[in-house]
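Take a look at the structure set out below.
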Amino acid sequence: MIKNLLCRLIGHVVDRTHVWNDNYDYRTNCRRCGQPMIRDVAGWRLFDPARDSDLPRKPHPNDRDAEAA
Ligand SMILES: [Zn+2]
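With my numbering applied, the sequence shown corresponds to residues 305 to 373, in that order.
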């Protein structure tokens, strides 16, 4: 995938127009490859389920709507 290669070489593109909050941190997706990202104290990085699932984070608002429907 050329998109993933670009992300690995020059970094992910934070989609600042679709940022949301999961009760703990700000979240969004890479605008190029679509991978989930999270903003921690050092800045934006990829969301890491092994490291970031320790807190009862709220799901994405769109997911919440899907559950309610
Ligand atoms: Zn990316």
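Ideal placement from N, C-alpha and C gives every residue a C-beta, glycine not left out.
**Prompt:** Does at least one heavy atom of ligand 1 sit under 7 angstroms from the Cβ of arginine 361?
**Reply:** Against the sequence shown, residue 361 aligns to sequence position 57. Arginine 361 Cβ: outside cutoff for every heavy atom of ligand 1.
**Request:** Examine ligand 1 and report whether any of its heavy atoms sits within less than 7 angstroms of the Cβ of arginine 336.
**Result:** Position 32 of the sequence shown, counted from the start, is the residue given in the question as residue 336. Correct: arginine 336 has its Cβ closer than 7 angstroms to ligand 1.
**Asked** Shortest alpha-carbon distance to histidine 364 belongs to which of Arg336, Asn325 and Trp348?
**Response** As a working note, residue 364 is residue 60 in the sequence shown. With distances taken between Cα atoms, histidine 364 lies closest to Asn325.
**Message:** Restricting to Cα atoms, I'd like to know which of Asp367, Asn366 and Leu359 is closest to aspartate 329.
**Reply:** As a working mapping, residue 329 is identified with position 25 in the sequence shown. If we check each option's Cα against that of aspartate 329, Leu359 comes out closest.
**Item:** Cβ shell of aspartate 356 (< 7 angstroms), same chain only, five flanking positions each side left out
**Value:** By 1-based counting over the sequence shown, the position of residue 356 is 52. Here the set comprises Ile342.
**Prompt:** Alpha carbon to alpha carbon, what distance is there between threonine 321 and glycine 315?
**Reply:** As a first step, residue 315 is located in the sequence shown; it is residue number 11 there, counting from the start. As a first step, residue 321 is located in the sequence shown; it is residue number 17 there, counting from the start. Whole-angstrom Cα-Cα distance: 18 angstroms.
**Asked** Can you tell which of Arg336, Asn366, Leu350 and Arg349 has its C-alpha closest to the C-alpha of leucine 309?
**Response** For the purposes of this step, residue 309 is taken as the residue at position 5 of the sequence shown. Comparing Cα positions, the closest option is Arg336.
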